[in-house]
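Colleague: Quick one: the structure is below, questions incoming.
2 protein chains.
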Amino acid sequence: MVTIKQVAEEAGVSVATVSRVLNSNGYVHEETRKAVEKAIEKLHYRPNEIARSLYHHTSKLIGLVVPDITNPFFPELARGVEDYLQQEGYHLMIGNSDENVEKEVQYIEAFRQHNVMGVISSTSEETAEWTKLNIPVVLLDRVQNDFPSVYADQEAGGQMAANILLERGSRNITLLRGPIHLRIAQERFLAALHVLGKSDVHFQVMNTSFSLHDASSTAKQLFDQYPNTDGVIAANDIVASAVLREALLRGKNIPEELQIIGYDDIPVCELLYPALSTIHQPAYEMGKEAAKLLMKSLKQSKKINEQMMLPVSFVERETTRKVEKV
Amino acid sequence: MVTIKQVAEEAGVSVATVSRVLNSNGYVHEETRKAVEKAIEKLHYRPNEIARSLYHHTSKLIGLVVPDITNPFFPELARGVEDYLQQEGYHLMIGNSDENVEKEVQYIEAFRQHNVMGVISSTSEETAEWTKLNIPVVLLDRVQNDFPSVYADQEAGGQMAANILLERGSRNITLLRGPIHLRIAQERFLAALHVLGKSDVHFQVMNTSFSLHDASSTAKQLFDQYPNTDGVIAANDIVASAVLREALLRGKNIPEELQIIGYDDIPVCELLYPALSTIHQPAYEMGKEAAKLLMKSLKQSKKINEQMMLPVSFVERETTRKVEKV
DNA sequence: TTGTAAGCGTTATCAA
DNA sequence: TTGATAACGCTTACAA
Numbered sequence: 001m002v003t004i005k006q007v008a009e010e011a012g013v014s015v016a017t018v019s020r021v022l023n024s025n026g027y028v029h030e031e032t033r034k035a036v037e038k039a040i041e042k043l044h045y046r047p048n049e050i051a052r053s054l055y056h057h058t059s060k061l062i063g064l065v066v067p068d069i070t071n072p073f074f075p076e077l078a079r080g081v082e083d084y085l086q087q088e089g090y091h092l093m094i095g096n097s098d099e100n101v102e103k104e105v106q107y108i109e110a111f112r113q114h115n116v117m118g119v120i121s122s123t124s125e126e127t128a129e130w131t132k133l134n135i136p137v138v139l140l141d142r143v144q145n146d147f148p149s150v151y152a153d154q155e156a157g158g159q160m161a162a163n164i165l166l167e168r169g170s171r172n173i174t175l176l177r178g179p180i181h182l183r184i185a186q187e188r189f190l191a192a193l194h195v196l197g198k199s200d201v202h203f204q205v206m207n208t209s210f211s212l213h214d215a216s217s218t219a220k221q222l223f224d225q226y227p228n229t230d231g232v233i234a235a236n237d238i239v240a241s242a243v244l245r246e247a248l249l250r251g252k253n254i255p256e257e258l259q260i261i262g263y264d265d266i267p268v269c270e271l272l273y274p275a276l277s278t279i280h281q282p283a284y285e286m287g288k289e290a291a292k293l294l295m296k297s298l299k300q301s302k303k304i305n306e307q308m309m310l311p312v313s314f315v316e317r318e319t320t321r322k323v324e325k326v
Numbered sequence: 001m002v003t004i005k006q007v008a009e010e011a012g013v014s015v016a017t018v019s020r021v022l023n024s025n026g027y028v029h030e031e032t033r034k035a036v037e038k039a040i041e042k043l044h045y046r047p048n049e050i051a052r053s054l055y056h057h058t059s060k061l062i063g064l065v066v067p068d069i070t071n072p073f074f075p076e077l078a079r080g081v082e083d084y085l086q087q088e089g090y091h092l093m094i095g096n097s098d099e100n101v102e103k104e105v106q107y108i109e110a111f112r113q114h115n116v117m118g119v120i121s122s123t124s125e126e127t128a129e130w131t132k133l134n135i136p137v138v139l140l141d142r143v144q145n146d147f148p149s150v151y152a153d154q155e156a157g158g159q160m161a162a163n164i165l166l167e168r169g170s171r172n173i174t175l176l177r178g179p180i181h182l183r184i185a186q187e188r189f190l191a192a193l194h195v196l197g198k199s200d201v202h203f204q205v206m207n208t209s210f211s212l213h214d215a216s217s218t219a220k221q222l223f224d225q226y227p228n229t230d231g232v233i234a235a236n237d238i239v240a241s242a243v244l245r246e247a248l249l250r251g252k253n254i255p256e257e258l259q260i261i262g263y264d265d266i267p268v269c270e271l272l273y274p275a276l277s278t279i280h281q282p283a284y285e286m287g288k289e290a291a292k293l294l295m296k297s298l299k300q301s302k303k304i305n306e307q308m309m310l311p312v313s314f315v316e317r318e319t320t321r322k323v324e325k326v
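Residue numbers (full-length UniProt numbering), protein chains in the order written: chain Y, 1 to 326; chain Z, 1 to 326.
Spelled out as structure tokens, the structure:
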């Protein structure tokens, strides 16, 4: 490892001078600067972030916690975060929490021990522990009043999903509700519920998780219990895919007999047949904005508490009928 | 931030003593040990990894580089890595390389600057840069003779895929070849090619990437150029899904008229309809083994160069015919 | 414009 | 069994 000391020797100056040119701090003669730069170049010197970090109590590290990177919505978020951070010279420590508070606490410890400068969290809204860290935290795809957060317009999304099915003629709708403890899931559920409630169609509600493991059995159960369903508002695209598969398996015509609308717009939607109509959340953008917001609160000392809501949109594909057909 | 000094004061001893109980190093009287532990408890003290890292030139950080976490195969790998590492008390710095050498170099710099202890890389086999780091590197789902690597048995996988289609009666097979610069892709391609070559069936080869963005057009092209194809060996599951969709779109009966076999066994396979038959790569296990291998080479000083090949298996679902039917 | 030296939070050596 | 202290690589007063 080449240190500042060696650079100083090579350039025939003191370490202080090298440090000055490194940080463009204080006065340094043009000549000396060049000499130092030459030495740096020659030795391929790169300052040791660890030493800097120790002195400054800062770092170029950001923590990112997601419930499970294996769930296809999160890689998009993570990628948005990473791309922005990387261009700002920051790097990512990442952890999967499985929505498990113990694990979260472990990461919090790890983050603290590594002088992580800020955290982006897509995990449970149980944020008591996070407050202890005393560094900026931005919630991503999660909402909690005490923290800045970046999320998509769940109310609009829920309404949109319900209205789409209604407009296109579903008369017996099954509404799949996501995890009840997740505010975003609850919000879009409530919004859809409200729309259905104001309509004259028949509808029912089923609970489900967001996860692939439960999706198939949820789908089976749905058609066993409500065989006459002609419209499904799924909790997310994973669940929607499972419903689609099960419907096809039972010989339903889609979208003629049954319309399905998903949520998220994960990449595979367009690979399904029929391709899944869904509510698009701008996941990559959300990640990017969360990172941007975090950078902003790093740069200014006063706490910010911005709530940033990004718009959702309906992506019309093949599991909903064309509106003219109604 | 509470430091070792404060703990020492609280316990009425010197920092050296605290350090000794922290690391269970050297002699320390039972009484004093208890006093120190009490102080630690009381102040919620946690040693600063940064300071340790500076002194020891070590850390609890591992670097992980993947081409693109957005590609559904990599989250499984990453999760396997993370779970194992986490249980060993290590943490992950992660980066997406986009197979871009410049980006890789940036991560290498970042890893070095943070005293990262080892790297797991699923990115290009252009490893010249990695050697410069002088820390253990384990290749994951990539192979290169100079590095330890963990990968799945591509030769068996390629053969299996071809044999499955052959056994089940495909007589006009299109073999989709993945990125030519990737040794694993090339190996499974070659293995499948070899099997087809020894058979008496008609077959053709098309080049494709692994990516979702190219998948649809590849699929279209496939059926435009080779409308009589009755068996497709896809480069991976993404491509297979696109082919499946396109085939369905064109009204083909699956698997009666056309069999499709994927590669990887990403989670969505079972959500498709018909569900995708595929060659299963034990991605999670691979990640875990790579992490294990890395830990091993961290613990012993001499370089290891283990090549670990995990078995693949055929997952029979609905895009291949039952073998009795032939 | 430059250099000396103290300090960031640890660990390890050495002396007591 | 304990405590001073130098060292890890860097930054920043302060002195020159």
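We put the CB at the ideal spot given by N, CA and C, even for glycine.
In chain Y, which residues lie with their C-beta within 7 Å of the C-beta of R79/Z?
Modeller: Counting from 1 along the second sequence, the entry for residue 79/Z is found at position 79. Those are I69, T70, N96, listed as they occur along chain Y.
Colleague: Which of helix, strand or coil does DSSP assign to D200/Y?
Modeller: Start at 1 with the first residue of the first sequence, and residue 200/Y comes out as number 200. Note: D200/Y maps to coil in three-state DSSP.
Colleague: Any chance you could list the beta strand (DSSP E) runs of at least 3 consecutive residues sitting entirely within the stretch 125–208 of chain Y, in chain order?
Modeller: Runs of the beta strand (DSSP E) inside the stretch 125–208 of chain Y: 137–140, 149–152, 172–177, 202–207.
Colleague: Can you tell me which of F189/Z, R20/Z, S170/Z puts its alpha carbon nearest to the alpha carbon of A156/Z?
Modeller: Position 156 of the second sequence, counted from the start, is the residue given in the question as residue 156/Z. It is F189/Z.
Colleague: At 8 Å on the CB atoms, spell out the chain Y contacts of S53/Z, in chain order.
Modeller: Here residue 53/Z is taken as the residue at index 53 of the second sequence, counted from 1. Residues of chain Y passing the Cβ test: I50.
Colleague: With the cut-off set at 7 Å, would you say L92/Z and I62/Z are in Cβ contact?
Modeller: Numbered from 1 along the second sequence, position 92 holds the residue referred to as residue 92/Z. Numbered from 1 along the second sequence, position 62 holds the residue referred to as residue 62/Z. Yes, they are a contact pair.
Colleague: For F74/Y, which residues from the same chain have a beta carbon less than 6 Å from its beta carbon, with the 5 sequence-adjacent residues on both sides left out?
Modeller: One-based indexing of the first sequence puts residue 74/Y at position 74. Hits under 6 Å: V66.
Colleague: Less than 7 Å between CB atoms is the rule here; does V21/Z satisfy it with respect to chain Y?
Modeller: Residue numbering aside, residue 21/Z sits at position 21 when the second sequence is read from its first letter. By this cut-off, V21/Z is not an interface position.
Colleague: Going along chain Y in order, which residues have a C-beta closer than 7 Å to the C-beta of M93/Z?
Modeller: The count along the second sequence starts at 1 and reaches residue 93/Z at position 93. By Cβ distance, chain Y contributes H91, L92, M93.
Colleague: Quick check on V268/Y - is its C-beta less than 7 Å from some C-beta in chain Z?
Modeller: Position 268 of the first sequence, counting from 1, holds the residue named residue 268/Y. True, the Cβ-Cβ gap to chain Z drops below 7 Å.
Colleague: Would the beta-carbon of Q144/Z be found less than 6 Å away from any heavy atom of the ligand FAD?
Modeller: Ligands in the displayed structure: none, and consequently the ligand FAD is not present.
Colleague: Only counting runs of 3 or more residues, tell me where the beta strand (DSSP E) segments fall wholly within the UniProt domain "HTH lacI-type" (2–56) of chain Y, in order along the chain.
Modeller: You should have found no qualifying run.
Colleague: What number of angstroms, rounded off, separates the C-alpha of I40/Z from the C-alpha of I50/Z?
Modeller: Counting from 1 along the second sequence, the entry for residue 40/Z is found at position 40. Counting from 1 along the second sequence, the entry for residue 50/Z is found at position 50. I40/Z and I50/Z: Cα-Cα distance of roughly 18 Å.
Colleague: Would you identify the three-state DSSP class for G262/Z, choosing helix, strand or coil?
Modeller: Along the second sequence, one-based indexing puts residue 262/Z at 262. Reduced to three states, the DSSP call for G262/Z is strand.
Colleague: Under a CB-based cut-off of 7 Å, is Y273/Z close to chain Y?
Modeller: Taking the first residue of the second sequence as position 1, residue 273/Z is located at position 273. Output row for Y273/Z: interface = yes.
Colleague: Here's a check: name, in chain order, each residue in its chain whose Cβ is nearer than 8 Å to the Cβ of L248/Y, leaving out the five neighbours to either side.
Modeller: Residue numbering aside, residue 248/Y sits at position 248 when the first sequence is read from its first letter. Same-chain partners within the cutoff: I254.
Colleague: Give me the chain Z residues within the contact set of L249/Y, using Cβ-Cβ distance strictly less than 8 Å, ordered along the chain.
Modeller: By one-based count along the first sequence, residue 249/Y stands at place 249. The answer, in chain order, is Y273.
Colleague: Name the chain Z residues whose beta carbon is nearer than 7 Å to that of A110/Y?
Modeller: For the purposes of this step, residue 110/Y is identified with residue 110 of the first sequence, where counting begins at 1. Result: H91.
Colleague: Tell me the DSSP secondary structure of H114/Y in three-state form.
Modeller: Counted from its first residue, the first sequence places residue 114/Y at position 114. Three-state DSSP puts H114/Y in coil, outside helix and strand.
Colleague: Among the candidates I233/Z, K60/Z, L165/Z, K292/Z, whose CA atom is the shortest distance from the CA of L140/Z?
Modeller: Here residue 140/Z refers to the residue found at position 140 of the second sequence. Per the Cα distances, K292/Z.
Colleague: Tell me whether the stretch 155–174 of chain Y and the stretch 220–230 of chain Y touch, counting them as touching only if at least three CB pairs, one residue from each stretch, are closer than 8 Å.
Modeller: Touching, per the Cβ criterion.
Colleague: Could you name the residues that DSSP lists as bridge partners for M93/Y?
Modeller: Sequence index remark: in the first sequence, residue 93/Y carries index 93 (1-based). According to DSSP, which records beta bridges pairwise, M93/Y is partnered with G63/Y, M93/Z.
Colleague: Using only the alpha-carbon positions, how far apart do V18/Y and H57/Y sit?
Modeller: Here residue 18/Y corresponds to residue number 18 of the first sequence, with the count starting at 1. Here residue 57/Y corresponds to residue number 57 of the first sequence, with the count starting at 1. Straight-line Cα distance between these residues: approximately 21 Å.
Colleague: Roughly how many angstroms lie between the CA atoms of K220/Y and R142/Y, to the nearest whole one?
Modeller: Looking up residue 220/Y in the first sequence gives position 220. Looking up residue 142/Y in the first sequence gives position 142. Near 29 Å, if we compare the C-alpha coordinates of R142/Y and K220/Y.
Colleague: Only counting runs of 4 or more residues, tell me where the alpha helix (DSSP H) segments fall wholly within the stretch 212–291 of chain Y, in order along the chain.
Modeller: Whole alpha helix (DSSP H) segments, 4+ residues: 212–225, 237–249.
Colleague: Between which two residues does the alpha helix (DSSP H) containing F73/Z stretch?
Modeller: Sequence index remark: in the second sequence, residue 73/Z carries index 73 (1-based). From DSSP, the alpha helix (DSSP H) with F73/Z extends over 73–87.
Colleague: At least one CB of chain Z closer than 7 Å to the CB of R317/Y: is that the case?
Modeller: Along the first sequence, read from residue 1 onward, the residue named residue 317/Y stands at position 317. No, R317/Y lies away from the interface with chain Z (no Cβ there is under 7 Å from its Cβ).
Colleague: Do you know how far the Cα of G89/Y is from the Cα of R183/Y?
Modeller: As a working note, residue 183/Y is residue 183 in the first sequence. As a working note, residue 89/Y is residue 89 in the first sequence. Using only the alpha carbons, I get a separation of about 33 Å.
Colleague: Which two residues bound the contiguous beta strand (DSSP E) that contains E315/Y?
Modeller: Reading the first sequence from its first residue, position 315 is the one you call residue 315/Y. The identity of residue 315/Y in the sequence shown is Val, whereas the question assumes Glu. Residues 313–315.
Colleague: Which residue from A242/Y, V205/Y, V195/Y puts its Cα closest to that of D214/Y?
Modeller: Sequence index remark: in the first sequence, residue 214/Y carries index 214 (1-based). Ranking A242/Y, V205/Y, V195/Y by Cα distance to D214/Y puts A242/Y first.
Colleague: Spatial neighbours of G80/Z within its chain, please: C-beta separation below 6 Å, excluding the five flanking residues on both sides.
Modeller: Taking the second sequence and counting its residues from 1, one reaches residue 80/Z at position 80. Counting only Cβ-Cβ distances below 6 Å, and skipping sequence neighbours, we find Y284, G287, K288.
Colleague: In the DSSP output, which residue or residues are listed as bridge partners for S122/Z?
Modeller: By one-based count along the second sequence, residue 122/Z stands at place 122. None, per the DSSP bridge assignment.
Colleague: Output the boundary residues of the beta strand (DSSP E) element that contains Q307/Z.
Modeller: As a first step, residue 307/Z must be located in the second sequence, where it is residue number 307. From DSSP, the beta strand (DSSP E) with Q307/Z extends over 307–310.
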